[in-house]
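The sequence shown begins at 1 in the UniProt record's numbering and counts up by one.
Glycine included, every Cβ here is placed at the ideal spot set by N, Cα and C.
Here is the structure we will look at.
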Amino acid sequence: MAEQPSERAPDPAATSTEHLRTPAPRAGVRLGVDVGEARVGLAASDPDALIATPVMTLRRDHNRASDLKMLLKIVRDRDVRALYVGLPLSLSGAETLSTQKARDYARKLAQMLDEEQLAAEIYLVDERLSTVSAAEKMRASGVASRDQRDRIDQAAAVEILAHALDLRQAWGREPGAPVSPA
């Protein structure tokens, strides 16, 4: 005689602990991007999106876009899920020429990600005073002003990323304004 399938309701005790046996998916690596006229500072998070660390400073290449191409390589190699591009608003919150340049950079990056079929999302996040804060922290840790130039862009990217990660954790969603490739 064949066994009949059980008609019993699932055991509530078994299903309530199901989430304990299956680890939650990792949040994924996030990048902080500090866009400047001459350089682009980068910082990356760990796969759990908790800690921001400096990565590198790219020299801006307005003609051949080698900085953007390197950024695409980093996104691919690190399997980046989201990029937070700093939006340099004035202290009053008004847009500046630098604000528009950051928007243009983020839009171009979004187009290139789309062309390469990379699924990372881009968000513009308020970065008021990130460079000032980074410089103050570097001075406080004993780095002389003349030695800050090579590292200040990375430190500003760390500030941008750390702030975005804090907001992400507090809000339960990605902070900032999404950037589309169009």
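Check: residue i C-beta below 7 Å from any heavy atom of the ligand SAM
| i | result |
| --- | --- |
| Asp46 | In terms of ligand content, the structure shown is empty, and the ligand SAM therefore cannot be addressed. |
Residue i vs residue j beta-carbon contact at 8 Å
| i | j | result |
| --- | --- | --- |
| Pro175 | Tyr123 | yes |
| Pro99 | Leu83 | What sits at residue 99 in the sequence shown is Thr, not Pro. No. |
| Asp67 | Val85 | no |
| Asp126 | Leu91 | no |
| Val179 | Ala52 | no |
| Gln117 | Thr57 | no |
| Arg103 | Val29 | no |
With 16 other Cβ atoms within 10 Å as the buried cut-off, status of residue i
| i | result |
| --- | --- |
| Gly32 | buried |
| Leu72 | buried |
| Ile152 | buried |
| His62 | exposed |
| Ser45 | buried |
| Arg81 | buried |
| Met1 | For Met1, the pLDDT reaches just 49, beneath the cut-off of 50, and the residue's location in the model is therefore unreliable, although a value from the coordinates is still provided. The residue is exposed, with fewer than 16 neighbouring Cβ atoms inside 10 Å. |
| Thr96 | exposed |
| Ala94 | exposed |
| Arg76 | exposed |
| Ala119 | exposed |
| His163 | buried |
CB-CB length for residue i against residue j, believed under 8 Å
| i | j | result |
| --- | --- | --- |
| Val55 | Ala65 | Not a contact, Cβ separation roughly 19 Å. |
| Leu50 | Leu165 | 7 Å |
| Arg60 | Ala27 | Not really, about 29 Å apart at Cβ, beyond 8 Å. |
| Ala182 | Asp34 | At roughly 24 Å, the Cβ-Cβ gap does not stay under 8 Å, so Ala182 and Asp34 are not in contact. |
- With a cut-off of 8 Å, do at least 3 Cβ pairs link the stretch 162–172 to the stretch 97–116? no
- Item | Continuous alpha helix (DSSP H) assignments of at least 4 residues falling wholly in the UniProt domain "YqgF/RNase H-like" (28–134) | Complete alpha helix (DSSP H) runs here, min 4: 66–78, 97–115.
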